[in-house]
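Protein chains: 2
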Amino acid sequence: MATVSRALNRTGYVKSGTLEKIEQAMDELGYIPNRQARAMVGGITRTIGVLVPDMDNSLFMRIVQAINDAAYRHDYTLLVMDSRGEAQREAKIVRAMQELRVDGLILFGTPGTAQVIESMKPQGPVIILDRLVTHFAGPQISVNHYDGAKTAVRLLLKHCRYPPAFIAGPAHIWSAQQRLNGYCDALRDQDLPAVLERIEYADFTYQAGYSAMNKLFSRVPDLDGVFAVNDLAALGAMKAIYERGLGCPDDVHLVGFDDIHAARYVTPSLTTIRQPMESIGRTAVDILRKQIRGETVETTPIVLPGELIFRESC
Amino acid sequence: MATVSRALNRTGYVKSGTLEKIEQAMDELGYIPNRQARAMVGGITRTIGVLVPDMDNSLFMRIVQAINDAAYRHDYTLLVMDSRGEAQREAKIVRAMQELRVDGLILFGTPGTAQVIESMKPQGPVIILDRLVTHFAGPQISVNHYDGAKTAVRLLLKHCRYPPAFIAGPAHIWSAQQRLNGYCDALRDQDLPAVLERIEYADFTYQAGYSAMNKLFSRVPDLDGVFAVNDLAALGAMKAIYERGLGCPDDVHLVGFDDIHAARYVTPSLTTIRQPMESIGRTAVDILRKQIRGETVETTPIVLPGELIFRESC
DNA sequence: TTGAAAGCGCTAACAC
DNA sequence: GTGTTAGCGCTTTCAA
């Protein structure tokens, strides 16, 4: 038994003849080693848990894809689950992953995440992505929402005669808040006030972007530029613009945030701030691996720059 | 030890006082049962492996979401990995999942899937989704590609003066082949021949749809209707249509397949055949659970009807 | 109603 | 180079 184990793990000496015999036997018997048994004695499972609030969100999944690729490179298997944004479900899934003894956990921040982490014992390393959580001591990674928003608004200011409007996100979500700050400060830098009239709140959906845009139209007469908190909302806004018989960018300049696929597919294609999804995912796995190895890591949030993607809408 | 085990699993008798003491101790110690150890003796892991060729494909992920929800309801945890469409990677991931002793496996069919399954020993149940595989003896689930295509083409025939063109998928992919057959037969039903001139091959991408449409334009003078093998290709086609200064549906009627989110977001919104993603996912888990319980299941492919979604493009 | 003991498949330490 | 043994955390007899 021990010799087989040594052969399998290529640890210690095994005579080449014996090795062959072992390999042949494994083949004949269709033997597949049991990783759980391995994990029982070794302590590590080579699995990483990933918890997403919405598996049908291209932004999230492209980050997960990057995680997937990095994990694959390092021979890790991913447990991915969708909490559907429900805090209770999030808690149950985290628990299940702990019972499965994942080596590390990657969570996308939701309003409930802080509490979920609070209430669970710190079994192994945890990393939070995208929407950061204030009362969390571990590593966190996100795009620089603030700078990205500023860049977007500066671009609009270059093209527009009037101060751009903002379709904002829910006030209690950290990333939305950051983008709002960026919007306000970019205006302030030009000695323009951020007036309430030009800000309309929406959640991150297409529908909400559509109605927000309509509300802005009915309220603001001199409207020739809009920054939307994310691409989905921007797409909704675009719909509203075209329904009024107006055009993009001729009548209204439009900039989104995220760079989801649809941004490239629509006509006119959407100018946006691209999140560095690939490096968010890769960095997450890198840090996790360091933590798994027992090294200590920086716990101040890592903030990666977004990239302005020029397309047709602005 | 045995008593604790009984308490945890609520199997056998435990005095209520003892139960309380156990629960209190678990709390104090932050005890989290080890599912792997459990699985070692029990044989089942309550995990399901899911292998996707592209995690950033809304069609796939909405099916996975349905799988996720069904799995959650029945207390299963999902191992989801993205093979990036590479056969070799697919094989390695399946292997890893077998080593982890998943109770069942759900695969999205790719050109390489048949061989991967062939070469791996049948450890536990396997289900194949979406693109069926001919030499596979287990259960398979997909939309009725053929009927869906027929429905789409019939709709186009109603609105168009000329026989609609078809932006086809790769010939070696089963689902694409089915949709092509549907296209041809729908024409034939109206005593119209399916002429090669009106068929342009593309893969399932936006880019390919775009160039395919341009080729059709340059080849077919009387073009007022197009059926695209999937929504992404349809969106690319739409771009080409608008670039020519034409409109949808005024000049060219357009129908897609799948009903990805973007279909609703674009202007004009895309008429399409919706895949029953929710029921594909739910059914997959239902069948898997049956198989895990040891029941025998139907192995003739389950073919679910698609749904025509009327929007603006046709 | 509880405890003792065996064993799930593996690795690591040690002896041979 | 290879075999023996103990033990990872649990469930399941079987006895008490």
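Sequence order for the protein chains is A and B.
Position 262 (the first sequence) corresponds to 969 in our numbering; numbering is contiguous.
Position 116 (the second sequence) corresponds to 823 in our numbering; numbering is contiguous.
By construction, the Cβ of each residue, glycine as well, lies at the ideal position given by its N, Cα and C atoms.
These numbers were taken from a predicted model, which means no experiment stands behind them.
CB contact check: residue i to chain B, cutoff 9 Å
i	result
N921(A)	no
E730(A)	no
D789(A)	yes
N937(A)	no
K952(A)	First, the residue type needs correcting, since residue 952(A) is Gly and not Lys in the sequence shown. Taking Cβ atoms only, chain B never reaches closer than 9 Å to G952(A), which makes this a no.
G943(A)	yes
D776(A)	yes
R796(A)	yes
Y913(A)	yes
Short CB-CB distance (under 9 Å) between residue i and chain A
i	result
P740(B)	yes
R842(B)	Position check: residue 842(B) holds His in this sequence, whereas Arg was assumed. No - not a single Cβ of chain A is within 9 Å of the one on H842(B).
V850(B)	no
G811(B)	no
H879(B)	no
K946(B)	yes
Y779(B)	yes
Beta-carbon proximity list for residue i, same chain, < 6 Å, skipping 5 on both sides
i	result
D966(B)	T979, R981 and I1016
I1009(B)	I848
H968(B)	S765
E1014(A)	R981
G954(B)	none
P846(B)	I834, I994, V1004 and T1006
A777(A)	R989 and V992
Partners in chain B for residue i, counting only beta-carbon separations shorter than 7 Å
i	result
D763(A)	S765, M768, R769 and Q772
Length of the line joining the Cα atoms of residue i and residue j
i	j	result
I729(A)	Q830(B)	21 Å
E793(B)	R791(A)	29 Å
T718(B)	R753(A)	32 Å
A944(A)	Q885(A)	21 Å
Q772(A)	V809(A)	18 Å
I739(B)	M747(A)	14 Å
F815(A)	M768(A)	11 Å
D782(A)	R796(B)	11 Å
P877(A)	C891(A)	16 Å
L812(A)	L995(A)	8 Å
L930(B)	D763(A)	35 Å
H866(B)	C1021(B)	8 Å
E825(A)	L758(A)	16 Å
H879(A)	D910(A)	11 Å
I774(A)	K997(A)	15 Å
F873(B)	T912(B)	15 Å
E735(B)	T841(A)	27 Å
L977(B)	L903(B)	25 Å
A732(B)	Y779(B)	28 Å
N921(A)	I755(A)	44 Å
A919(B)	S925(B)	10 Å
E907(B)	L864(B)	18 Å
D957(B)	V933(B)	13 Å
Sequence-distant residues of the same chain with beta carbon closer than 8 Å to residue i, five excluded per side
i	result
A844(A)	T1006
A714(A)	V721, T725, L726, I729 and E730
T817(B)	P760, S790, G792, A794, E797 and R838
P1012(A)	V850, N851, D854, G855 and P983
V927(A)	A872, E904 and R905
V973(A)	L942 and M945
Nonlocal neighbours in the same chain, by C-beta distance under 7 Å from residue i, ignoring five residues either side
i	result
Q743(B)	none
L899(B)	P870
R861(A)	A893
Contact list for residue i against chain A, beta-carbon separation under 7 Å
i	result
G737(B)	K828
L961(B)	Within 7 Å Cβ-Cβ: nothing; L961(B) doesn't reach chain A, min ~13 Å.
Y949(B)	T974
Contact set between residue i and chain A, taken where Cβ atoms lie within less than 9 Å
i	result
Q743(B)	R742, Q743, A744, A746, M747, T752, E806, L807 and R808
Cross-chain neighbours of residue i in chain B, by beta carbon under 8 Å
i	result
T784(A)	L786, M788, I800, A803, M804 and L807
A969(A)	H968, A969, Y972 and V973
Decide if the segment 957-966 of chain B is in contact with the segment 936-950 of chain A; the criterion is three or more beta carbon pairs, one per stretch, under 8 Å apart.
Counting C-beta pairs closer than 8 Å gives fewer than three between the segment 957-966 of chain B and the segment 936-950 of chain A, which falls short of the contact rule.
Are at least three pairs of beta-carbons, each pair with one atom in the segment 776-788 of chain A and one in the segment 797-816 of chain A, less than 8 Å apart?
Enough Cβ pairs lie closer than 8 Å, so yes.
Can we say the segment 987-995 of chain A touches the segment 854-868 of chain A, given the rule of at least three CB pairs closer than 8 Å?
Touching, no.
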